[in-house]
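Residue numbers (this note's numbering): 109 to 193. Glycine is no exception: its CB is placed at the ideal position from the N, C-alpha and C atoms. Fair warning: this is a prediction, and the values are worked out from it, not measured in the lab. I have placed the structure first, in the form of structure tokens, so that the comments after it can refer back to it.
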Ligand SMILES: [Zn+2]
């Protein structure tokens with residue numbers, strides 16, 4: 109029996125491999141408009157919020173700043189935008 113329901117690896121920022129680091133860089137790129145402005149700026153620090161999918165399959169947004177600088181985190185709402193608290 110083959111397990112075909114393998115989930116896409118979530119983008120946890122622990123770069124144990126170059127691949128996950130590259131994926132993270134791509135996510136940060138995707139979080140910006142073509143002119144370099146964040147699509148969803150972080151309400152705390154203004155950096156781009158990066159969309160990821162949790163292991164349970166729900167979307168969430170995480171600040172792209174270093175965790176020591178800002179650890180803002182929010183779930184995505186029904187329209188896929190960062191949930192405002
Ligand atoms: Zn932030």
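Subject >> Residue burial classification, residue 172 (beta-carbon count within 10 angstroms, cutoff 16) >> reply: Taking a 10 Å sphere around the C-beta of residue 172, we find 16 or more other C-beta atoms and assign the residue as buried.
**OP:** Report yes if the C-beta of residue 181 is less than 6 Å from at least one heavy atom of ligand 1; otherwise report no.
**Re:** In this structure, the C-beta of residue 181 stays at least 6 Å away from each heavy atom of ligand 1.
Subject >> Nearest candidate by alpha-carbon position, reference residue 179, set 137, 146, 153 >> reply: When each option's Cα is compared against that of residue 179, the closest is 153.
**OP:** Consult DSSP for residue 112 and reduce its assignment to one of helix, strand or coil.
**Re:** Bear in mind that a pLDDT of 48 at residue 112, under 50, signals an unreliable position, so the number given afterwards is only what the model happens to contain. DSSP, reduced to helix, strand and coil, places residue 112 outside both helices and strands of the structure shown, so it counts as coil.
**OP:** For residue 155, collect the residues of the same chain with a Cβ closer than 8 Å to its Cβ; drop the 5 residues on either side in sequence, then sort them by chain order.
**Re:** The beta carbon of residue 155 lies closer than 8 Å to those of 146, 149, 171, 172, 173, 178 in the same chain, with the five residues before and after it left out.
**OP:** Could you give the DSSP three-state label for residue 159: helix, strand or coil?
**Re:** When DSSP states are grouped into helix, strand and coil, residue 159 belongs to the strand group.
Subject >> Contacts around residue 185, its chain only, beta-carbon distance under 6 Å, and the 5 residues preceding and following it disregarded >> reply: Counting only Cβ-Cβ distances below 6 Å, and skipping sequence neighbours, we find 191.
**OP:** Less than 8 Å between the CB atoms is what I'm expecting for residue 158 and residue 139, so what's the real figure, rounded?
**Re:** The pair is a contact, with the Cβ atoms about 5 Å apart (cut-off 8 Å).
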